[in-house]
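Take a look at the structure set out below.
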Amino acid sequence: MNVARQVVSFLSSRGLKLATAESCTAGQIASYLAEVPGSGACLDVGFVTYSPSGKAGFLGVQHATMQAHGLTSEAVAREMAEGALQQEASCADVAVANTGVADALPSDGPPPGTQCFAWAYRVRDGHIVTFTETRRFTGSRNEIRHHAARYALSRIEHYFNTLGSRR
1 MNVARQVVSF LSSRGLKLAT AESCTAGQIA SYLAEVPGSG ACLDVGFVTY
51 SPSGKAGFLG VQHATMQAHG LTSEAVAREM AEGALQQEAS CADVAVANTG
101 VADALPSDGP PPGTQCFAWA YRVRDGHIVT FTETRRFTGS RNEIRHHAAR
151 YALSRIEHYF NTLGSRR
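Numbered per our numbering, the sequence shown spans residues 1 to 167.
Here's what the structure looks like:
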């Protein structure tokens, strides 16, 4: 079973809804889920926020966070995921976020392939618990984006299971 099918099965069996907040993957996480029949039962909303103004305006990422940590950072990914869960119109219980660098640009920023992720979960008391990771993938621009989207999906169940009694 591929990772998108596993995620749809996992979320659907628990009655959970997912929001995606994507930058570098540009909607691939949501797209992979949408390929699976029955994904409408668990895919609530997807945000593609490539620009700093999009991250701030749609997801509430603080300009100070982007300036202090850079766009490719776990801090920005965290605020993206939490912002997706906090949207008034969202019914999501879980959010996954990605921000990263897919190709080589002459700069002093993170190396190509660096991807930052966040997985946020609304727990029983209404609080949000968030987990973050940074990974580096190799390959072409689109291969990196593909790997990042698959990785983001692959960790949803893992982090849910670490919540234990807080669920």
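Cβ coordinates follow ideal geometry from the N, Cα and C atoms, glycine included.
{"Query": "Determine the DSSP secondary structure at glycine 46, reduced to helix, strand or coil.", "Result": "strand"}
{"Query": "Under the DSSP definition of a beta bridge, which residues are partnered with leucine 18?", "Result": "Leu43, Val94"}
{"Query": "Can you tell me whether DSSP reads threonine 65 as helix, strand or coil?", "Result": "helix"}
{"Query": "Using only the alpha-carbon positions, how far apart do asparagine 142 and asparagine 2 sit?", "Result": "19 Å"}
{"Query": "Distance, Cα to Cα, arginine 136 vs leucine 11?", "Result": "27 Å"}
{"Query": "Within 10 Å of its beta-carbon, does histidine 63 have 16 or more other beta-carbons around it, so buried, or fewer, so exposed?", "Result": "exposed"}
{"Query": "For the beta strand (DSSP E) that alanine 118 lies in, which residues bound it at each end?", "Result": "114-122"}
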